[in-house]
Amino acid sequence: MEKKESFINQIGRARRAEFAIETLIRTLGFSSIGFVLLIFFFLLREGLPVFFEVRPGNLFSTQWYPTFDLYGTLPLILGSVLVTVTAVAIALPLGVATAVFVREVAPGWAREVLKPMIEVLAGIPSVVLGFFGMTLVAPLIRETLRVPTGLTAFTGALLLAYMALPTIISVAEDALDAVPKGYRDAALAMGATRWQTIWRVVVPAARSGIVTAVMLGMGRAIGETMAVMMVTGNAARMPLTADSLLRPVRTMTATIAAEMGEVAQGSVHYHALFGIGIVLFLLTFLINLAAASTIFKKRRRGGLR
Amino acid sequence: MQRIGFVLLVLAALVVVLPILFVVGAIVVRGIGAVSWEFLSAMPRDGMKAGGILPAIVGTLLLTLGTALAAIPVGVGGAIYLSEYAADIWLTRAIRLAIINLAGIPSVVYGLFGLGLFVLFLQFGTSILAGSLTLAIMTLPIIISAAEEALRAVPTEFRTVSTSLGGTRWQGIRYIVLPQALPGIITGLILGLLRAAGETAPILFTVAAFFLPRLPHSPLDQTMALPYHLYVISTQVPGMPVDVQYGTALVLLALVLSMNVAATLIRSYYRRRRQW
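Residue numbers (my numbering), protein chains in the order written: chain A, 3 to 307; chain B, 114 to 389.
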């Protein structure tokens, strides 16, 4: 009798343990949502006041001089846009071509060499790339392009392009990989050359994945901070002239990183930097939402197959 | 015609790869001269222009350790939920969306968040604790995605067999699925932690001490850290000897790349030994 009871107790204990562990794991599973909300909440908490302290006309003006209470964010936003768009323009053709090479053309050994190298690139800390950019790339650009300083928007875009490349290449590769082998066989059987098969059949079939790759690369580029701050010269000027690419520029991320250390907590300037943080958060949120929606759509259709 | 096209593709791949070799090569060649036992084991002297970078190395190791302690349970738990428990409902999709978003948030925004929540609101001050927690949340999406992939790769039969032998769901996960997925999970952990070790922006306002020639005493202490130190000596200190800069860059690069290599080795070793 006593033995039976203890057996039932044992089952009860096992059930309770099972329930406890399941609750814990569920909580951990949901925590990601909690963190996103927490981040957004704290950005709003510290950043929203700026919209009441500074007139909208000032916030969207062309002058960012916090010491004179000028909080015009346009030059920073346009600076980020200029650097990011240029970076993607460089990285997109390079990345897609490399992905096509690795997936469709390269012999096995070349693939074995290329893939770890690209992983190395993904692993190099941005501050190391920024340091490299400052000491070697910027002087090179100054001399070859004969500009007064090598710390330009273009230098930043160049570094950013390489930082976005690993993302673009790996996502584009997955997209190419998901194109059914039958597509290639059919094209080749109908007399298309390999080149025609790749560019008229395989790449178009992987289109949505490549778009995702570009968006994720763009998200990576717009949020990059250290490398950009170290090589773009950080002049908050409107990048509207034709030579803007070859002149210093300042991005949103660099502004936060460079100025947050010097502001008094709770000041207008402090709130303004968090305000820029809100803009960055929302921008990357939208970019990733767009990228994710193509991923989810693909999943619902059961992949490209 | 086709041949020209293929040559162009090779060129594109070279344009991608050669600069990588050049970056790593330049930093190794120019930095190796500065790296000595003293450089690795001494305190900085003369306004960081001489001596070593020990506090920065220790700081980065402590931050990485703190990040690991905070991120591993949450990340692996989250991955177990997604792979073993979650049904495909809107809530699961919301979790996935949240993870994608966490992965996309700029590192400097993590810095702002860490400043707002850990440093100021919870009053940890600029400290190793505040920085580790900030970095942990940043690395979470990397760890969750990698661990989930490793868990999903374990065949369903393993779970079915465990259940048929009378094991509970958790016993099946704990004793069957987790051990099989462990190498993949460890690879993911290392990849996440190397990202944390190399990041500067999230620790700018949460940990970093500009110049602090002593080792930290407690988790609530400030500390120097390698990435931030490299930033400081390459932009904020005029007249910094170039070889000290390159030496610091080399130490940081070596730390991060050796973690990278370790992850790759673990992955390929277990992939070859795997019997399913």
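Cβ atoms here follow ideal geometry from the backbone N, Cα and C, with glycine treated the same way.
As the structure is a prediction and not an experimental result, all values here were calculated from the model.
Using a C-beta cutoff of 7 Å, does A/I143 count as contacting chain B? no
Tell me the rounded alpha-carbon separation between A/V104 and A/S210. Answer to the nearest angstrom: the Cα atoms are 19 Å apart.
Between the C-alpha atoms of B/A260 and B/I298, what's the straight-line distance to the nearest angstrom? A direct Cα-to-Cα measurement between B/A260 and B/I298 gives close to 5 Å.
Neighbour flag for A/F134 against chain B, beta carbons, 7 Å: Among the residues facing chain B, A/F134 is included, as its CB has a counterpart in that chain under 7 Å away.
To the nearest angstrom, how far is it from the Cα of B/A266 to the Cα of B/V357? Going by the C-alpha atoms only, they are around 46 Å apart.
How close, in whole Å, do the beta carbons of B/F226 and A/L45 come, if the pair is a contact with beta carbons under 8 Å? 7 Å
Determine, for A/E20, whether the minimum Cβ-Cβ distance to residues of chain B falls below 7 Å. It does; some Cβ of chain B falls within 7 Å.
For B/A321, the residue or residues it bridges with in DSSP: The partner list for B/A321 (beta bridge, DSSP) reads B/T336.
For A/S146 and chain B, any beta-carbon pair shorter than 7 Å? What sits at residue 146 of chain A in the sequence shown is Thr, not Ser. So no, A/T146 is outside the interface.
Using a Cβ-based criterion (distance less than 6 Å to any ligand heavy atom), does B/T313 qualify as near the ligand GDP? No copy of the ligand GDP appears in this structure; indeed no ligand is present at all.
Mind listing which residues of the stretch 192–206 of chain A have their C-beta closer than 7 Å to chain B's C-betas, in chain order? Residues T195, R196, W197.
Classification of B/W283 by the beta-carbon crowding that lies within 10 angstroms, buried from 16 upward: buried
Cα separation between A/S295 and A/Y164? 26 Å
Minimum length 4: unbroken alpha helix (DSSP H) runs contained in the stretch 235–294 of chain B: 241–265, 269–277, 282–285
Per DSSP, which residues does A/Y73 bridge with? Please list them. DSSP lists A/W66 as partners of A/Y73.
Whole-angstrom Cβ separation of B/L253 and B/A184, contact assumed at under 8 Å? The C-beta distance from B/L253 to B/A184 rounds to 6 Å, short enough to meet the 8 Å contact threshold.
Going by the CB atoms, is the gap between A/E48 and B/G229 shorter than 7 Å? yes
For A/N11, count neighbouring C-beta atoms within 10 Å of its own C-beta (all shown protein chains included) and say buried if the count is 16 or more, exposed if not. A/N11 should be labelled exposed.
A/N236 touches chain B at which residues, Cβ-Cβ below 8 Å? Neighbours of A/N236 on chain B: none; closest Cβ ~10 Å, over 8 Å.
Does A/G277 come out as helix, strand or coil in the three-state DSSP assignment? helix
In DSSP terms, what A/P150 is bridged to: A/P150 pairs with nothing; no bridge assigned.
Which residues share a DSSP beta bridge with B/Q158? What sits at residue 158 of chain B in the sequence shown is Arg, not Gln. DSSP, once it has assigned bridges, lists B/A163 as partnering B/R158.
Residue closest to A/L123, alpha-carbon to alpha-carbon, out of B/F152, B/V374, B/Y288: B/V374
Going by beta carbon distance, what residues of the same chain come within less than 6 Å of A/M232, once the five residues before and after it are set aside? G132, M136
Report the three-state DSSP secondary structure of A/G31 (helix, strand or coil). Three-state result, A/G31: helix.
Quick one, are the C-beta atoms of B/A211 and A/S34 less than 7 Å apart? Yes, the Cβ-Cβ distance between B/A211 and A/S34 is below 7 Å.
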